[in-house]
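Chemist:
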Amino acid sequence: MAHPKRKISKTRRDKRRTHYKATAPQIATCPTTGEAHLYHRAHWHEGKLYYRGQVLIDNSQEENVA
């Protein structure tokens, strides 16, 4: 297995890593609720699960189990 002949200095190591940057997530606004959420993600608002402006799950009403 190959081994380095010399220790790589902190400066050289950090120069190589200068391009590794964290990117801020893109925030979308729901057209129905006006709620801010991540792109391509469903989000909860007042007991309802929304995706692309449509309700997927509605937990706001209590279910009557008899």
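Be aware that the sequence shown starts at 1, since it is given in the UniProt record's numbering, and climbs by one per residue.
Don't be surprised by glycine CBs; every beta carbon is placed ideally from N, CA and C.
On a predicted model such as this, the values are computed, not experimentally measured, just so you know.
Three-state secondary structure (DSSP) at threonine 29?
Modeler: Here residue 29 refers to the residue found at position 29 when the sequence shown is read from its first residue. It is a strand residue.
Chemist: Tell me whether tyrosine 50 is buried or exposed, calling it buried when 16 or more other Cβ atoms sit within 10 Å of its Cβ.
Modeler: Position 50 of the sequence shown, counting from 1, holds the residue named residue 50. Classification of tyrosine 50: buried, given that the 10 Å Cβ count is 16 or more.
Chemist: Do you know offhand how far glutamine 54's Cα is from lysine 21's?
Modeler: For the purposes of this step, residue 54 is taken as the residue at position 54 of the sequence shown. For the purposes of this step, residue 21 is taken as the residue at position 21 of the sequence shown. So the alpha carbons of these two residues sit roughly 35 Å apart.
Chemist: What residue range is occupied by the uninterrupted alpha helix (DSSP H) comprising lysine 5?
Modeler: Here residue 5 is taken as the residue at index 5 of the sequence shown, counted from 1. Looking at the DSSP string, lysine 5 is not in any alpha helix (DSSP H), and its letter there is neither H nor E.
Chemist: Considering only residues of the same chain and omitting the five flanking positions on each side of glycine 47, which have a CB-CB separation below 6 Å?
Modeler: The sequence position of residue 47 within the sequence shown is 47, counting from 1. So the list reads Asn59 and Ser60, once near-sequence residues are dropped.
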